[in-house]
C-alpha cells in the first residue's frame, strides 16, 4: 500500500544524510572517508557528562517532568545570565535536541498554510519541519557575494503577507557561516515589531564567532522580548550531539505554556541524557576559549586551503563551523557521489553535503557544497588536498 | 504577543499531567500522594540498562544513524522473532518513545483534514498528536458495559469516509484494559483490507495480558502485512519509561523509507539510552513471567478493592495496567482536585487521571477516572482505602 501523505512524499531526504548509503559502500570497500558533510565535531565531550550519568542510582528509570528536569533548567538559566539574559523557570522547555525545539515552536505559532520567512540558504531541516507542519517556507535570498548577509529592509518587508507568522534565523549561520551584525539584528527586530511577527532564533552556535566579532542575541532586545523564541542545544556547544538535548526559551510565558502541552504529549525527554547535559554546564569558562581557538584555527586552514584550489569560490566564514563553497562542477551532488564511488587518493576520499538541499529556490546552490570544518588540522589539510586532486581528475569538471 | 496557532490553542492539556500543580502543592504541604494517575511502574529497571551505559567509552558522544543504532534494531528483530513475527532491518525505525513513533506515523499516512478512527476511550495523546498534525480524530465508541470491546462491523464501517486513512488501536488497551479477541483483530483486519486502510497498532503492553488470555498481534496477519504499522516502546516492557526509546515496525518498506525522512530531520535518538535499551532485550525470559504475575496480583487486588467501594463501577481489566472506573461523583476532575487540595487520611491521599480527557465525545467519561495499578500490593491497598473514605466524605458525592 502506498497511499502515504502528500506532506511526507513531498519532503526531501536530508542532503546531509541521503548520500550515507554511498559512504557506507565506500567504507565497506575499504576507503577512508573524511566526513565534512555533517556537523559532528571530533572535539571530546567534557567528562562531566558521563560522570554525572554514571552516578545515577535510582532503581527505576522513571518519567521526568515534561518541561525538563529542574537541574538542567537551572543550569541553562545560569548560562544565559552570563550573557545578561534573564529567564525564569516557566520560560524554558527542555526538548529532544534543537530539532524538536524547532518543530514544536513552528507548530505553536503557525497553522496549515501560514508562512515563515527564512534567509536562504538555510539549515535544511527547517524546510522539512515546515513541510510536515503544512507551513510555507518563504525564502529570503541572501548572496554568497555579500557573505550571506541580509538584503535591505524593503527586500525583507516585501515578503511579508497576512499569512506571515515568523522570521526564522540561524545566527551564527548554518550553512553560511555568517554572523549578523548588530544593525542586522536590530533591523529584523524592527520589522518583527512593526509587523507583529515572531522571531525564532536558532543560536546553537552562539560560542562560535571568529575575528573578535561581537555576537548579539535576539534575546537581548527588550522591545521585542515577547516575540522572540530562542532555540538552543548542547550538541555543538559541548560536542555532545548524541545527547539530543535542546531547549526552547522565551520571555513569552503564555507561548511556553502552550508549547508545554505538546511536550506533555510526548511525556518527557530522556532522563540520563538530561542529567549529563546539566553537568556539561559546569565546565570551566576556559573550555569555550580553547574550543573557539581550535575552530578558528580550523577555519583559517580550511579557508586558505580552499583559496589554493583553482575554480573554488567562497567567503571566509565569520561563525559556526560551516562554509558554503562554489565548486567548478555543474552538479555538486553528482560530484560527491563520484568522490565516494569512483575516486580515491591512496585509499582516501572526502565527503561534503550538497548545498542544493539548503535552498528551496529552484536550481539554487546546484554547484555548491557545505563544508563542515569539524576535523582536526591534519585531517582537514588532507581532506582539502584530496579535494584539490579530485577536482583536477573529475571528468565532468566545468 | 498571543497570536498562537489554532492547532496549539485547541490542543487540550494532558489529563494525566495537568493536575500536577495541585499534586506539587499537596506535596509541598507535606501530604503523601499515591500516584495512580500515570503509567509509571515501580518495578525496578533491569540492571542491564545502566551496566551497558556505564561501559560506553567513546570520547565523543556523536550523532548515530537516524534509523537507530544497529544493536538495538537487531535486538528488536530478535525479540519479534520469539512471537513469530519476522522483520528485516529496513522495516524498523527507533524513535524517541512510542510518542514520537506515533506522531511520525500519523504525519506519514494522513494529511491535513484526513481522518483516523480510534476506539474511544483512547490514550489521550493520540488526539493531541492528531490535533497538531491537522488530522481529525473519529471516535469509535466502545462501552464500559461490554468491557470496552469493539461494536459490530457495521458500526465501525459506517465511520469510514473517503478521508479515512487508518484505524488506530492500543492493544492491550490504555486506558481500558481491554484485550482484543482473535475475532476482533480479524474483524479490523478485514475492514482494513476491504477499505484500504492502515492499521496503526500500539502494542506496547503486549506482555501484560491476564487470565491466560491469548494476545494476537496485528503484525501476525500476512494478508494485511503491508498495511500494518506497529508502535513499540521499552517503557512499560522493561519499566524504563525515562529512556524514551520506542520503535516503528512495518513490513511496508516504502512506508518505513518515507518515515525515515522525518527521522533524518531530527537527526537521531539519544545514543546512551539506545545502548541501554538494546541491553534490556538480554533479560532472561523469566523476567516477563515475574513481572506479569506481579501485575496480575495487583490487578486482582485493585479490582476486589474497587468492588468493595459503594457506588464504584468497573470491569475487570484483561490487560495493560489500567482500569476505567465510574465513581459516584458528577465530575471526576473536580473530585481529584478535592482529593489533592482538601482531603487527606492521616496525611495521605491518592491521585487518578480524570477519564474525560480520554474521550472526545462531549461529556463522555465525566464521572470516570483512569486508575493505573503500578504500585505494589500494600500501597495499592492503602490507596483504595483512601479512595473509599474520601468518597464517603466528599461533599459533592452523587
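Residue numbers (UniProt numbering), protein chains in the order written: chain A, 1 to 398; chain B, 1 to 398.
Idealized CB from N, CA, C, for every residue including glycine.
Inset, instruction - List the residues that DSSP assigns as beta-bridge partners of residue 35(A). - result: According to DSSP, which records beta bridges pairwise, residue 35(A) is partnered with 351(A).
Inset, instruction - Tell me, please, whether the CB atom of residue 71(B) is closer than 8 angstroms to any CB atom in chain A? - result: Output row for residue 71(B): interface = no.
Inset, instruction - Quick one: grab the DSSP three-state call for residue 143(B). - result: Residue 143(B) falls in the coil class under three-state DSSP.
Legend entry - Endpoints, the beta strand (DSSP E) within which residue 370(B) is located: Unbroken beta strand (DSSP E) run through residue 370(B): 368-372.
Inset, instruction - Using a Cβ-Cβ cut-off of 8 angstroms, state whether residue 44(A) counts as contacting chain B. - result: Yes, residue 44(A) counts as interfacial toward chain B.
Inset, instruction - On a CA-only basis, which of 92(B), 4(B) and 223(B) is nearest residue 196(B)? Give me that one, please. - result: The residue with the shortest Cα to Cα distance from residue 196(B) is 223(B).
Legend entry - Residues within the stretch 374-393 of chain A neighbouring chain B, beta-carbon criterion of under 8 angstroms: Listed in sequence order: no entries.
Inset, instruction - Could you tell me the distance, in whole angstroms, from the CA atom of residue 219(B) to the CA atom of residue 227(B)? - result: One C-alpha to the other measures close to 10 angstroms.
Inset, instruction - Please decide whether residue 60(B) counts as near chain A, where near means a Cβ-Cβ distance under 8 angstroms. - result: So, interface residue.
Inset, instruction - Taking residue 166(A) as the query, report the chain B residues whose CB atoms sit under 8 angstroms from its CB, ordered along the chain. - result: Result: empty, since nearest Cβ-Cβ is about 10 angstroms, beyond 8 angstroms.
Inset, instruction - Please list, in chain order, all residues of the same chain as residue 21(B) whose beta carbon is under 6 angstroms from its beta carbon, the five residues on each side excluded. - result: Same-chain partners within the cutoff: there are none.
Legend entry - the stretch 34-43 of chain A / the stretch 347-357 of chain A touching (three or more Cβ pairs under 8 angstroms): Touching, per the Cβ criterion.
Legend entry - Cβ-Cβ separation, residue 106(A) to residue 127(A) (assumed contact under 8 angstroms), whole Å: Rounded to the nearest angstrom, the Cβ distance from residue 127(A) to residue 106(A) is 11 angstroms, too far for a contact under 8 angstroms.
Inset, instruction - Confirm, please, whether the CB-CB distance from residue 233(A) to residue 98(A) is below 8 angstroms. - result: Between residue 98(A) and residue 233(A), the CB-CB gap stays under 8 angstroms.
Legend entry - Within-8 angstroms CB hit, residue 254(B) to chain A: Yes, because at least one Cβ of chain A sits closer than 8 angstroms to the Cβ of residue 254(B).
Legend entry - Endpoints, alpha helix (DSSP H) assigned at residue 44(B): DSSP places residue 44(B) in no alpha helix (DSSP H); its state is neither H nor E.
Inset, instruction - Using the Cα positions of residue 101(A) and residue 256(A), report the straight-line distance between them to the nearest angstrom. - result: Residue 101(A) and residue 256(A) have their C-alpha atoms roughly 11 angstroms apart.
Legend entry - 8 angstroms Cβ cutoff met for residue 116(A) and residue 130(A): Cβ distance < 8 angstroms, so residue 116(A) and residue 130(A) count as in contact.
Inset, instruction - Would you mind telling me which residues of chain A sit closer than 7 angstroms to residue 132(B), beta carbon to beta carbon, in chain order? - result: Here the neighbours are 107 and 262.
Legend entry - CB contact flag (residue 55(B), residue 265(A), <8 angstroms): Residue 55(B) places its beta carbon 8 angstroms or farther from that of residue 265(A).
Legend entry - Element boundaries [beta strand (DSSP E), containing residue 115(B)]: First-last of the beta strand (DSSP E) with residue 115(B): 115-120.
Legend entry - Paired residues, beta bridge with residue 232(A) - DSSP: Residue 232(A) has 247(A) as its beta-bridge partners, per DSSP.
Legend entry - Option in 164(A), 390(A), 82(A) and 155(A) with minimal Cα separation from residue 109(A): For residue 109(A), the closest of 164(A), 390(A), 82(A) and 155(A) by C-alpha to C-alpha distance is 164(A).
Inset, instruction - Express the C-alpha separation of residue 19(B) and residue 335(B) in angstroms, rounding to a whole number. - result: Going from the Cα of residue 335(B) to the Cα of residue 19(B) covers about 12 angstroms.
Legend entry - Own chain partners of residue 315(A) with C-beta closer than 6 angstroms, once the 5 adjacent residues on each side are dropped: Annotation for residue 315(A): 147 place their beta carbon closer than 6 angstroms to its own, counting only its chain and skipping 5 residues before and after.
Inset, instruction - Please name the residue, chosen from 201(A), 175(A), 49(A) and 149(A), that lies closest to residue 181(A) on a Cα-to-Cα basis. - result: Restricting attention to 201(A), 175(A), 49(A) and 149(A), the CA atom closest to the CA of residue 181(A) is found in 149(A).
Legend entry - Meets three-Cβ-pair contact criterion under 8 angstroms: the stretch 53-68 of chain B and the stretch 84-99 of chain B: These segments touch.
Legend entry - Whole beta strand (DSSP E) elements within the stretch 270-329 of chain A, 3-residue minimum: Runs found: 322-326.
Inset, instruction - Tell me whether residue 9(B) sits in a helix, a strand or coil according to DSSP, three-state version. - result: Helix at residue 9(B).
Inset, instruction - Examine the Cβ distances between the stretch 355-373 of chain B and the stretch 270-283 of chain B and report whether three or more of them are shorter than 8 angstroms. - result: Contact between the stretch 355-373 of chain B and the stretch 270-283 of chain B is absent, with fewer than three C-beta pairs closer than 8 angstroms.
Inset, instruction - Report back the beta-carbon spacing between residue 278(B) and residue 52(B) to the nearest angstrom; my notes put them in contact at under 8 angstroms. - result: The distance from the Cβ of residue 278(B) to that of residue 52(B) is about 7 angstroms, consistent with a contact at the 8 angstroms cut-off.
Legend entry - Which listed residue (324(B), 155(B), 43(B) and 288(B)) has its alpha carbon closest to that of residue 62(A): Answer by Cα proximity: 43(B).
Inset, instruction - Go ahead and label residue 59(B) buried or exposed: buried means 16 or more other beta carbons lie within 10 angstroms of its beta carbon, across all protein chains shown. - result: Exposed: under 16 other Cβ atoms inside 10 Å.
Inset, instruction - Compare the C-alpha of residue 345(B) against each of 393(B), 331(B) and 369(B) and name the closest. - result: With distances taken between Cα atoms, residue 345(B) lies closest to 393(B).
Inset, instruction - Taking only the alpha-carbon atoms, compute the straight-line gap between residue 368(B) and residue 332(B) and give it to the nearest angstrom. - result: Computed Cα separation, rounded: 6 angstroms.
Inset, instruction - Return the residue from the list 239(B), 119(B) and 329(B) that minimises the CA-CA distance to residue 41(B). - result: Proximity to residue 41(B) across 239(B), 119(B) and 329(B) peaks at 239(B), based on C-alpha coordinates.
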